[in-house]
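Engineer:
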Amino acid sequence: MKAVVMTTAGEPEVLQWQDVSEPQIEQPNQVLIQLKAAGINPIDTKIRSRGTFYPDQMPAILGCDGAGIVKAVGSEVKNFKPGDEVYFCGGGLGKQGTGNYAELAVVAEHFLATKPKSLSFAEAAAAPLVLITAWEALYDRARLEAGQKVLIHAGAGGVGHVAIQLAKLKGAEVYTTVSSPDKARLVRQLGADEPILYQQTNFVETVLKLTNGTGVDIAFDTVGGQTFFDTVNAVKVYGDLVTILEPNYSLGTLKVARNRNLRISLELMLTPMLSGLIEAQQHQAEILQQCATWIDQEKLKIHLHQTFPLQEAAKAHKMLENGSITGKIALII
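So that you can map any letter, position 135 of the sequence shown is 135 in UniProt numbering, and since no number is skipped, the others follow by simple counting.
Below, the structure is given as structure tokens:
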């Protein structure tokens, strides 16, 4: 089969279009999928530039997110059959025999969910990682409830644009930071109550003004760096701050967060995959199944910025690393 293979760590050019052996079902719970599209996420570009989680198993096929058609199933697979359309987040971290920048993939059944019928394969492939990340951050870590006020950073980005919608589905009031009027219009269309143009105004001051000086119940940091520490000042006493990035303590301290009794949560949706936690992987598939229902009910949208043919994965990586895109990028297979 054809695949885009990472031959070594480095610039996008290390992604090479090659012929590779077809993956085979080796366990009774595995499913062979004819991939139609693969999502691209920042984790892909980080792995490509820094090296995979399994450096002794190079070369590697990247891509955690995929969507396609079931081609064959193992003897113990219960919920899927050949011909079913599926989407999932599984593999692509450098482990041999995994990855979705390819024509075929073998994935354990418990990663899979039925593809939303109303989405193209490209839209579906763009969705899993960001949906799971936003769901776990807001629903599982922060325990979002109706009526709460939420600040979501980078609301027009991949994670941010679905986080806004998941927060609104729970009945929250949503404020979100964006960099331009165009992105402000997009996030309003997605349900945000108050876009904050952070390059023109201090987001902490704006949030405090919007909340009569108390701060938000929950802040979701998808940016990291100094933004994480600045955000502490926008969260109310006994509030929640969730981040998807590791805090850099050379940029600040958590003294104010401690004084406010904030609950600080770290969200990494890759943990179940990296640690082999089957029940957590099943929970993530259940998240995708519920999101598929909401998507088909037109309660949740996936914003696909652009697609590239699979063989142009390097170009897609360059676009993502250049920044300023809205929503997601996907590869057409």
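For each residue, glycine too, the CB sits at the ideal point set by N, CA and C.
If we ignore side chains and look at the alpha-carbon of each, how far apart do Q189 and P28 end up?
Structural biologist: If you number the sequence shown from 1, residue 189 lands on position 189. If you number the sequence shown from 1, residue 28 lands on position 28. About 44 Å.
Engineer: Quick check on DSSP: helix, strand or coil for F220?
Structural biologist: In the sequence shown, the residue the question calls residue 220 occupies position 220. DSSP places F220 in strand when its eight states are reduced to three.
Engineer: Which residues bound the beta strand (DSSP E) around D65?
Structural biologist: Along the sequence shown, one-based indexing puts residue 65 at 65. Start and end: D65 to V73.
Engineer: Just the Cα atoms here: how many angstroms apart are A134 and G83?
Structural biologist: The count along the sequence shown starts at 1 and reaches residue 134 at position 134. The count along the sequence shown starts at 1 and reaches residue 83 at position 83. Straight-line Cα distance between these residues: approximately 30 Å.
Engineer: Using alpha carbons as the reference points, say which of N212, E22, R263 and G97 lies closest to L138.
Structural biologist: Sequence index remark: in the sequence shown, residue 138 carries index 138 (1-based). Taking only the C-alpha atoms, the option nearest L138 is R263.
Engineer: At the level of alpha carbons, what is the spacing between V237 and K183?
Structural biologist: Position 237 of the sequence shown, counted from the first residue, corresponds to residue 237. Position 183 of the sequence shown, counted from the first residue, corresponds to residue 183. Those two C-alpha atoms are separated by around 30 Å.
Engineer: If we ignore side chains and look at the alpha-carbon of each, how far apart do F220 and L151 end up?
Structural biologist: The residue given as residue 220 occupies position 220 in the sequence shown. The residue given as residue 151 occupies position 151 in the sequence shown. So the alpha carbons of these two residues sit roughly 6 Å apart.
Engineer: I'd like to confirm the pairing. Which residues does DSSP put opposite I332 in its beta bridges?
Structural biologist: Position 332 of the sequence shown, counted from the start, is the residue given in the question as residue 332. Looking at the DSSP assignment, I332 forms a beta bridge with A37 and P309.
Engineer: Look at the alpha carbon of S49 and the alpha carbon of K315, and state the distance between them as a whole number of angstroms.
Structural biologist: Residue 49 sits at position 49 when you count from the first residue of the sequence shown. Residue 315 sits at position 315 when you count from the first residue of the sequence shown. Their backbone Cα atoms lie some 14 Å apart in a straight line.
Engineer: Please say whether L186 and K299 have beta carbons closer to each other than 8 Å?
Structural biologist: As a position in the sequence shown, residue 299 is number 299, starting the count at 1. As a position in the sequence shown, residue 186 is number 186, starting the count at 1. No, these two residues do not count as a Cβ contact at 8 Å.
Engineer: G10 by DSSP, collapsed to three states: which one?
Structural biologist: Position 10 of the sequence shown, counted from the first residue, corresponds to residue 10. G10: coil per DSSP, three-state reduction.
Engineer: Going by beta carbon distance, what residues of the same chain come within less than 7 Å of I325, once the five residues before and after it are set aside?
Structural biologist: Looking up residue 325 in the sequence shown gives position 325. If we look at I325 and ignore the five residues flanking it on each side, its Cβ neighbours are H305 and M319.
Engineer: In terms of residue numbering, what span does the alpha helix (DSSP H) encompassing V235 cover?
Structural biologist: The sequence position of residue 235 within the sequence shown is 235, counting from 1. Looking at the DSSP string, V235 is not in any alpha helix (DSSP H); the run it does join, the beta strand (DSSP E), is V235 to T243.
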